[in-house]
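Protein chains in written order, with my numbering: chain A, 5 to 415; chain B, 5 to 415; chain C, 5 to 415; chain D, 5 to 415.
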C-alpha cells in the first residue's frame, strides 16, 4: 500500500515480511513510480518455481523494495557505530540497490540470453540507469558510481553487491517466505545489527559468526530445495525449449502470435552493439514482461507446428518432463533409446526429438573464497574470512563448484 | 511442491500459511492435475489488489487447496466429537470445496459479467463440475450434491458454503497473509477446534464466541482495508472501463490484439442459454485467465483509439484514477466540471468523458442475520445466533448494508 | 541478552516479541541494573495464570522493557510528523514508562491489598521513583513529572497512561504471545505508525480506525479468555484465601515459615501513613517477590492448621476450586448446602467453611467513554472519540461495567 | 489451558509454539495432574538463562508436554508410511517421553549433583516412574520398557532418546522461541514428516537431509549462543558456588533459612544407596523445586557469613562474575593476582577467595558419530549416517569435543 500523506509526504508500503516499509525519500518515491520500475511488478522473482511452490509468485518489484528497506536499516546500524555515511550517500546506496535488477527481462534468469541473446541483464540495467539519470537530471550519478564500484567508499558497493549484500539477504528471506521453505529463513535483523566497517571493508562482528554460518547453510539449502529443485529445473528447461522452437519458427518466416515487442525479439537476434546503436531497441525491451511470454505460450499451444504446440500445451497443463539428477554422466545408449521412442510416437526426426529428450548440467557454488569474502571482525581487531573463522563449515566443499547432470524426457 | 512418493502415493504441497498440506486422496491428486484446475494457477485471488499490496499475487489455485486443507481438519475435529462422517463423505466434502471456485474467470470478481456478460461464475462452476464428473466416471456425484445442498447431511454443505465456511476461513487468512495486513489474521485453528454439529446444523461451541467475534471484526477490517480499499477500487474500475471500451470497439468491427478465446468473448455477447446450447463455448472459456487480459491491455496501450490507449497506458504504468469515497452523493455540478475538463484536455465528447470521470456505489454487509447464521452452542445445549449471543457486536450495524459512493477522475 | 559493547555503549536485549531491543541511554541501562528494577524479574506479569496457560511466566521486568521499546518507537513516529519532542523529553517519557510498575508486589494484581493492606502499588511506585531520583541525582525529575501528569506537554503523559498507552499495547501483545491466545495479538506496529498529536492530545489518524477497533476487541477477548478466565480466577481466589488465613494465624501469634520481610508483612498491618513515617518499611517491601510467597505456601502445605495446609496443598498440586460464573446472584440455599458439606467433611465451623465455599463478583469495563478517550483524527482535521467514530463498536456495551458473579467450592 | 469437556474428555493445552496440544489419552491427562508432574511447573528448563534472555522462563512441564505432542505427530507420520505402531505402543511411547525428565531437581542441569550429590536425575526419573507405575496399577510398564530400551521395537526408544529424538526437537525449538534467538528455530514439522523406519532403525528420508544439516547447525548455534553463553555460565557458576558454601556452612552446624526438604539435603549428603534404602528420601526430593532454592538465596543475602551473603546478594541483584572464555589455559599468575585482590578487599583466606576467582572448563560435542547415529535413507534404499551423507558438514569437527576454559572474577 503506498500512502502519500498530505502532511509530510511519508510513504508506506506493506510488506508481509518486514511489516511497513517507509520510503525514505521523494526521489525514491518517484523512481518507484516510473514505468521502468513498475514493469518489475510483472516479472516474477523465481520464474517457473511457482509450478512447484505455488506461493512463489512474488516479483522483482517487491524484492527490490525489500532490499532497499534492508539497506536503510544497515546504514542506520553502521552510522550508530560511528561509520560516516552522509545523507547523499544514504540516498545513493538506497537507489543503487533499488535499481540493481532493473534490467531483468521476462522470467528473469530462466530466459536470460534466450529472448535477447546478445546482452546480459547487467548491461541493460546500466543502460536503464543512465536513462533514468538523465530523466532525473543527474540525481542518480552517485548511485550509479556506487553500483559500478567507482565510488571511493568501497563498502557501500559491498552493501549492494558482495557475498553478503542486501540483495542476497532479501531474496533468501523473501524466497523462503513465499515458497514456504521455512528452513531458508535467515535472521536479516541479527545479521544487519552485526555489520561494521573496518578499513573500508564490510565486516561482521564475531558474535555474528553463527548467524553467518546459518546464512550460508540456508543459502545452500535454498539452492538444492528451491533454485535447483529438479522439477523447477524441468519447468525452466521446457520454457527454454519453447522459446528456442518459437525463434526457430519465427526465423523461418512463420507467423507466431505475439505482442509487437515480443515479436520483434522473436524474429531478430540483436547484439549488444545493436542495443548501443539503436536506442529504440531498449524502448521495446522495457515493454516486455512475463505476460508477453506466457500469453503467447498459451496461444501457441494451438499452433500447427506439432513440436511447439506440444511443448506449450505441456507447459500450460503443467505436464512437465520427467527429470533425473545425478553426478555422473548419463548413459548415451539410454538417451538414444528415449529419443527413438519419442521419434516414433510424435513422428519426429532425431534432431527434433532433442526438444523432448535431452541432458545438461547445473552448477552451484555456495561460497566463493576467492571472490569478495565475508569477513569476520574479532574482538581483538583481527579480521578473518568466514571460511577460516568458522570451525564448522567445510570450506573446501563450500568453495568447490558442485556440478550435477540432468536428463529430461517425457513421462 | 507436489511430491508423489513411490511407497504409498502420499502427496505434499508447500503452503507458507499451513506448512505442509497433504493431499488426502488419489482422486483429489488427479483433480488438481486436471487442466481445469491448473488454470486456477493463473487467476489471482485478489485481481488488481497487488497494485496496492504488492504481495497479493496469490491465486485461486492456492486458495482452493488451502480451503480443502481446512476442510480435512474440520472433518477430523467433528469426527473426534462423535459426528459421523463416512470416508466417502469426507472425500465428497473435500472435493466440493476444492472445486467451489472452478468457474471463476480472469480477474475473478472484478471482471465478472464484464468479459462474459450473461452468466455467473457459479453457473460455470456447475457446468465444469458436471464435465469433470463425466471425465472421472461419476466419482464426483456426492461432491456435487453437497455443493448444491442436495445432500441429506446439511452441515456438510454449510462447511462448503455458509457464513463460516472453509472458503471464508481460508481466504481471510490467506489474503491477510499475502497483503501483510496483519490485523486480518484469524485463528482458523481455534475456530475449527470449536466446531460441532447440533441437529444437522454447524455450530460453534460457546467458548469460541470471542474467536467468532474477532473473525467478524477481522472480516470487516479486510473489507475496508483491502477488498474495498479505495485505490484497489480505482484500479478495478479502470480495468472494467478498459474492457467496456474494448468490447465497444470490437463490437464496431475494429481489430484488437487478443488471444483467440479472448477475442471470441470480446466480439460477442453470450447468454447463459448460449453456454447451454454450444458446449464449445465452455471450451473457449476455460482457456481464459489473467494472462489473456493483461497481455492484451499492454498491447492496447498503443492502440489508435485514444480512449482505449490512454486507459491501458494508465493501467500499465499504475497511473490510477484519483478516487474519493463518501456516504453522500457527489455534487452533480462538480462531476460536470470534472468531465468538461477532461473533454477539453483529451478532446472527447461528454459521453466519452465518462470513461475518465464517473461515480458509483460499493456495498458491504458484514453479517447477514437473515441468511444462514453463525450459531453458538452453549453448555446448556441451547443454540443461539452470534448476533444475539454476543453482547459486544452491534447486530443492527452488522446487518445493515453499508453503501458508499465513489467519484473517480484523472489526477 | 544485555550486551555492553565497548565502542559506544550500545546495549541490546533479546525479546522474542520485538527481536532486538536497543537501550537508548546510559541512564536507562543503569536504572535497569538497579536492584529495584531487577526485582521485577521475579514478579510474574500474570500471577497464577500459568496454571491455565503454562507459557504465561513472563515478568514485569520484560514487560517494562517492552513498553519502553514501544515508547521509543512512538516518539520516533511523532517526531517524524513534526511533533517536537526534545532529547530530554524522549528520555523522560522512556523512563516514566520503564518505571510505571516499579511498585508492584508479589503476584501483582492478585495479591494487591492482601500482603500489604493499606497502600496501593501506585503509591509505592511513587515512593520508589523518588528514591531513585535521589540516587540518580535528580535525573528522573522530568520522568516523574510526566508520570504524574504535571508536565506541560500533556500528550507525553498519555503515552504513559491512557486508554491507548504503551503499557497496554505491550501487555496485550505480550500476554497474548506467552499465553498462546493468538486472537489477542494486536498490531502495535501499525497503531504506533498512526499516532499523532493535535492540540496536545494524542490522537490516532483515521485510517487507523480499524486497528483501534481490533485493539478494543482484542482487549475484551483477552479479558474473558485470560485475565478473567474462570480457572485463573479460581486460582487467584485460592491464593487470596491462603494469604488471608496465614495473616489470621500470624495475627494470633502462630509461627509460620516465611522469609523475614514476608513475615513482617504477615504479622503486621501497615497503613500508607506507616510507609511514609518509617522508610525502613519500603526497604522490606522491595525484598518481596513471587518467591517469598510461593515458597512459603509450599511449606505451609504441611502446617498443623488444617485449613491453611489444605488450601496450600491444593495450590501446589493445582487442585483448584470448582468455579461457576454467571450474571445472576447464586442461590443462597445452594451455597449453604455446599458449605455444610465442607463443614462435615473437614470438620469446620460455618465461618471456616467460607475458605472453601464462597461467592464474589468480577467486573470488567473495556472502554471508559468518560475517561481519557481514544481520539480519532479525520482527514478534515476533526477529532472524534472512537466511540462515536466507529460505526461498528457498541459504545453502550463497551462503556457499561460488566459484572459477573462467581461461586467457588471444592471439587 | 486444560479444558476437560464433558462430551468426550478431549483436553487441550495452549502452547504458544504449537497452538493447541490435544492430550491423546485419559491416562496421560491423569499423569499430568499428578503432583510429581505438576512439580515440573516450578522447574525452569534453562535455569539461570533468564538473566541473559529474560524470556527464558519456560519450564520442564511445558517442554515435556511439547515433546509428547511431537511424539504423537511422529507416530502418526510413521503409521501413515505403513510402520506398525499399536495403540498400546502409541500410548507407551507418549508416556515415555512425557516422563523422561520427571526426576530433574531444582535448576535442572546447573545444580545436578550439587543439591543431591550422589545420584543422577536419570536414576530419580526411574524411581519416580516405578512409583507412578504402582500408583496407576501397571499401566506404565510398556512406557518404562521403551524408556529403558528394553522393548523389542528399538525405534520407539530412539524416538525418546537418540540424537534426533522428540526431546531435542522440542527443546531446541522451545528454547529458541522463548529466548528469542531466532536462528535456533528448526522445522520440527518438516523433520518429522521425513521420518521413517528401516530394519527397526529410525531414519530420515534423503530429501530431509538439508533439514537435518540445519538442525545440527542450529543446535550448535544454540550451544554457543545460549546454553554455553558466557554470562549464563557465569550465573550458573555463581549458583553452584552459593550451594557449595551453603552446604559447607550447614555441614558445620550453622543454621540456614531453608524449607524443610531443602534443609534436609543441605545438611546431609545422600548416596544412591540411601535413596534405595530410605523411600522417604524420594518423598522429600519431590518437594524441591526452583522456589526452595531461590527463596533461600534471597534470605541468605542477609546471612552473617560474608561469603555466602555476598554471593547471594550478587545473584539477587544480577551482579555476576566477569567471565572470560578461551581455548587456552589461563595464566596462573594472573589468577593468583585476582585472588589476592579479592582476599584483600573482602578479607578472605586464599582458599575462600576461590569462591570469587576461579577457572574451569566447558565442553560441547554437537554430534557424536560413534553413538546412535542420525541415519539418512536414500531413494535406492541405502541407509547412511548423516556424517557421511552430508557433503557440507565437517564431521571431524562435529565429532570432536570442543573444550573451552573460563575464568571468573568480580567486576
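Each residue gets a CB set at the ideal place from its N, CA and C atoms; glycine is no exception.
For clarity, every value in this text was computed on a predicted model and none was experimentally measured.
Within chain D, the residues that residue i reaches when beta carbons sit closer than 7 angstroms
i: residue 23 of chain B; result: 193
i: residue 225 of chain A; result: 214 and 218
Whole-number beta carbon distance between residue j and residue i, since they are thought to touch under 8 angstroms
i: residue 124 of chain A; j: residue 108 of chain A; result: Not confirmed; about 10 angstroms, so no contact.
i: residue 218 of chain C; j: residue 187 of chain B; result: 5 angstroms
i: residue 47 of chain D; j: residue 63 of chain D; result: 6 angstroms
i: residue 265 of chain B; j: residue 288 of chain B; result: 4 angstroms
i: residue 113 of chain D; j: residue 151 of chain D; result: About 19 angstroms separates the two Cβ atoms, so there is no contact after all.
Nearest to residue i (by Cα), restricted to the options the options
i: residue 53 of chain D; options: D:111, D:84, D:265 and D:26; result: D:111
i: residue 368 of chain D; options: D:16, D:407 and D:154; result: D:407
i: residue 285 of chain A; options: A:299, A:269 and A:296; result: A:269
i: residue 57 of chain B; options: B:169, B:157, B:181 and B:117; result: B:181
i: residue 24 of chain B; options: B:15, B:32 and B:31; result: B:15
i: residue 236 of chain B; options: B:259, B:366 and B:306; result: B:366
i: residue 135 of chain A; options: A:35, A:121, A:114 and A:85; result: A:35
i: residue 344 of chain A; options: A:193, A:357, A:45 and A:389; result: A:357
i: residue 85 of chain A; options: A:139, A:266, A:196 and A:138; result: A:196
i: residue 19 of chain C; options: D:184, D:30, D:18 and D:117; result: D:184
i: residue 120 of chain D; options: D:94, D:164 and D:297; result: D:297
i: residue 311 of chain D; options: D:130, D:347 and D:139; result: D:347
Contact set between residue i and chain B, taken where Cβ atoms lie within less than 7 angstroms
i: residue 229 of chain C; result: 214
i: residue 295 of chain A; result: 295, 298, 299 and 302
Euclidean distance between Cα positions of residue i and residue j
i: residue 90 of chain A; j: residue 202 of chain A; result: 17 angstroms
i: residue 39 of chain D; j: residue 215 of chain C; result: 44 angstroms
i: residue 209 of chain B; j: residue 308 of chain C; result: 45 angstroms
i: residue 414 of chain B; j: residue 315 of chain B; result: 10 angstroms
i: residue 148 of chain B; j: residue 231 of chain C; result: 46 angstroms
i: residue 360 of chain D; j: residue 313 of chain D; result: 12 angstroms
i: residue 240 of chain A; j: residue 37 of chain B; result: 19 angstroms
i: residue 250 of chain D; j: residue 260 of chain D; result: 8 angstroms
i: residue 278 of chain D; j: residue 267 of chain D; result: 17 angstroms
i: residue 211 of chain C; j: residue 198 of chain C; result: 8 angstroms
i: residue 10 of chain C; j: residue 383 of chain A; result: Low per-residue confidence applies at residue 10 of chain C: pLDDT is 41, beneath 50, and the placement is therefore not dependable enough to give any value.
i: residue 159 of chain A; j: residue 294 of chain D; result: 50 angstroms
Contact set between residue i and chain B, taken where Cβ atoms lie within less than 8 angstroms
i: residue 197 of chain D; result: 16 and 24
i: residue 33 of chain A; result: Those do not exist, as residue 33 of chain A stays about 13 angstroms from chain B at its closest Cβ, beyond 8 angstroms.
Interface residues of chain C facing residue i [CB-CB closer than 8 angstroms]
i: residue 221 of chain B; result: 217, 218, 221 and 396
Cross-chain neighbours of residue i in chain A, by beta carbon under 8 angstroms
i: residue 360 of chain B; result: Those do not exist, as residue 360 of chain B stays about 20 angstroms from chain A at its closest Cβ, beyond 8 angstroms.
* May I ask you to verify whether the segment 259 to 276 of chain C touches the segment 325 to 336 of chain C, counting CB pairs closer than 8 angstroms and requiring at least 3? => no
* **Inter-stretch contact at 8 angstroms, needing at least 3 Cβ pairs: the segment 58 to 73 of chain D / the segment 166 to 175 of chain D** => yes
* Asked: Are the segment 375 to 395 of chain C and the segment 317 to 327 of chain C touching by the rule of at least three beta carbon pairs closer than 8 angstroms?
  -> no
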